[in-house]
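A short worksheet on the structure shown next.
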Amino acid sequence: MRDTAKGMLENLLSLVKKYGFVPNGSRVYYLNRSQPPLLTLMVRIYIDATNDLKWLRKNVQTLDRELTWWLANRTVTVVKDGVNYTLARYGCHSTTPRPESYYEDLKTCREERCHIDIKSAAESGWDFSSRWIFDHKGGINATLSDIQTTRVIPVDLNAFLCKAFADLSYLYLKVGHTSKVTQWKEKADEWKNSILMVLYNLEDGIWYDYDLSLRQARKIFYPSNLTPLWAKAYVRRMLSDAEYGSRAVKYLKGQGVDKYKGGIPTSLTETGEQWDLPNAWPPIQEIVILGLRETGQKDAVQLAKEFSTRWIEANMKGFEENDNKMFEKYDAIKPGQYGGGGEYPVQTGFGWSNGVALSLINVYYTGDNL
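Reminder that position 124 of the sequence shown reads as 205 in our numbering, one-by-one numbering, no gaps.
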C-alpha cells in the first residue's frame, strides 16, 4: 500500500510540476479550477510512514510551488477593526458552463457570474450546498441559481492551507532547508492569527464562514466549521486545546448535531443538494471526530467516540443490507441508508468511505482501544 500511495502522490505532483497546481481533474477543461490544497498533507502522512527522505528531497519544492500558487491566485484581504488580514477563498475565473455538466449548468443559469460561482463550488468539493447560496438578506432561502461561492471565505479551506503551511515547514526541516522552515512556519502562524481574528466566534465557541459582501460571519452550522480542530489551525494564546474542544462540544449539542444516528449531517437544511441535510459524507466524519478527539478534552473525546461508533455501525448496517456495498455518502437520519441528491446517482465502492471506516476502526477498535 505504501507503493500505491507513493504512486498516487507522484501522479498529483506531476500535475503541479506541469501546471503549478492540482487541477480539479485530469482533463484540459479542468485547468481553470483546482482541487482543495491537500497534497502537502498527503505527503506529510507518507513521509511520517516511510521516512523516504530521498524521495522528499526531489519533491518538496513542488509542494512549495503549489502553495505559492494558492497564495498568488486564491487570496483576498479582509479589513477588520482597521487591520488587514489575508485569507483564501475558492475562485475559478472561467465564465462558461462546466463542459462536463454543460446542459445542467445552462438549465441553472445563464449569467457569467453564476457560472464562475458554480465552478468555484466544484473547486471546493462541496458541489453543491446551501453553504454557497445567498438570498437577498444574506441567508440561504434561495436556489442554486443564486450561488455566490466567491463571496465566502471558507473555514475548511483556510484550515487546510494553515496545516499545509505548517506541514511544509516540517518537511523542509526533514531535509535541512532552514530558511524555508522559517518562511512556512511564519506563514502558518500568520494564517492561524487571521483564522482567529476573522473566522472564530468567541461567544459561540466555533469558527464560521465569512461573508465578504456583508462583512460578517455566516452563523450557520456546517461540520466544516470544526476543521480548525482537526488541522490545529488555532492560536493557543487565547484558549487551550481542551477549551477549544469544550466549546465545540457545547456548540454541536446546541445545534442538535449529536441527535443524528446515521452520521454527522452536512448541514441542518434540506435543499435537495448533496452537500446538505440529510447527507453525511465520510471525510467530514473523520475531520470532526479526530478533531474533537485530539483536543484531549473529556467531553470532546467522548462525543468523538460516540460519533465514530454511530458511523461504523451505520456503515455496517448499510453494507449488510445492500449486497455488501459501501456508498460514497450516507443518510444522517436513517442509519445505513445511502445518501441522495445532487447531479448523479449514488456511487458505490467507495474510496473515501472505505478509507474513513478503516481509519476509525484503527483508532477505536484495535489494540488498547478495544
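Cβ coordinates follow ideal geometry from the N, Cα and C atoms, glycine included. Since this is a predicted model, take the numbers as computed values, not measurements.
Start-to-end residues for the alpha helix (DSSP H) that takes in residue i
i	result
Tyr166	From DSSP, Tyr166 is part of no alpha helix (DSSP H) but of the beta strand (DSSP E) over 164-169.
Thr259	259-275
Thr143	134-154
Thr433	Thr is not the amino acid found at residue 433; the sequence shown has Trp there. Where Trp433 is concerned, the enclosing alpha helix (DSSP H) stretches over 432-445.
Pro364	363-375
Arg391	379-402
Met89	83-100
Trp213	Per DSSP, Trp213 belongs to no alpha helix (DSSP H) and is neither H nor E.
Thr231	That residue, Thr231, is in no alpha helix (DSSP H); it is neither H nor E in DSSP.
Lys331	322-335
Phe246	236-255
Thr131	120-131
Tyr183	183-189
Glu204	193-205
Trp356	No alpha helix (DSSP H) contains Trp356, which DSSP labels as neither H nor E.
Leu310	308-312
Own chain partners of residue i with C-beta closer than 6 Å, once the 5 adjacent residues on each side are dropped
i	result
Trp356	Trp207, Ser210, Thr347
Ala385	Ile370, Leu373, Arg374
Glu91	none
Ala438	Asn396
Close-in-space but distant-in-sequence residues of the same chain around residue i (CB under 8 Å, 5 per side omitted)
i	result
Glu402	Gly417
Val164	Met278
Ser224	According to the sequence as given, residue 224 is Thr; it is not Ser. Correct list, in chain order: Ile214.
Thr390	Tyr445
Gly353	Gly422
Asp84	none
Leu122	Phe241, Lys244, Ala245, Asp248
Lys331	Gly286
Ser226	Thr189, Cys190, Cys195
Assumed close pair residue i, residue j - CB separation to whole angstroms, cut-off 8 Å
i	j	result
Pro117	Phe246	About 14 Å; that fails the 8 Å criterion.
Gly219	Asp292	6 Å
Asp290	Pro235	5 Å
Ala361	Asp412	7 Å
Val256	Val427	43 Å between Cβ atoms; not a contact.
Ser201	Thr231	5 Å
Ile128	Leu254	Not quite, the Cβ-Cβ distance comes to about 11 Å (not below 8 Å), so this is no contact.
Gly436	Met407	About 10 Å; that fails the 8 Å criterion.
Any non-hydrogen atom of the ligand ADP within 7 Å of residue i CB
i	result
Thr230	This structure lacks the ligand ADP; in fact it carries no ligand of any kind.
Own chain, CB closer than 7 Å to residue i, minus 5 neighbours either side, in chain order
i	result
Ile414	Tyr341, Gly343, Pro359
Asp186	Pro178, Arg179, His196, Ile199
Thr167	Thr156, Thr158, Ser275
Lys98	Thr143
Gln229	Asp198, Trp213, Phe215
Thr350	Ser211, Ile221, Asp357, Leu358
Ile442	Ile393
Arg146	Val97, Gly101
Arg191	none
Leu93	Val103, Leu120
Ser327	Gln378, Asp380, Ala381
Val316	Lys273, Asn274, Leu277
Ala395	Gly343, Gly344, Tyr411, Pro416, Gly417
Ala329	Gly286, Ile287, Leu307, Leu310, Leu373, Ala381
Cβ neighbour criterion (16 or more within 10 Å) applied to residue i
i	result
Lys244	buried
Arg125	buried
Leu152	exposed
Lys300	exposed
Leu295	exposed
Leu249	buried
Arg114	buried
Glu424	exposed
Gly432	exposed
Glu409	buried
Should the segment 284-298 be called in touch with the segment 249-260, which here means at least 3 C-beta pairs below 8 Å?
-> Result no; under three Cβ-Cβ pairs closer than 8 Å.
Counting beta carbon pairs with one atom in the segment 337-353 and one in the segment 264-275, are three or more of them shorter than 8 Å? The answer is no - the segment 337-353 does not touch the segment 264-275, with fewer than three Cβ pairs under 8 Å.
*Determine contact between the segment 129-136 and the segment 154-162, defined as no fewer than three beta-carbon pairs at a distance below 8 Å.*
These segments do not touch.
Measuring CB atoms only, is the segment 319-335 touching the segment 370-387, in the sense that at least three cross pairs come out at less than 8 Å? Two segments are said to touch when three or more pairs of C-beta atoms, one from each, lie closer than 8 Å; by this definition the segment 319-335 touches the segment 370-387.
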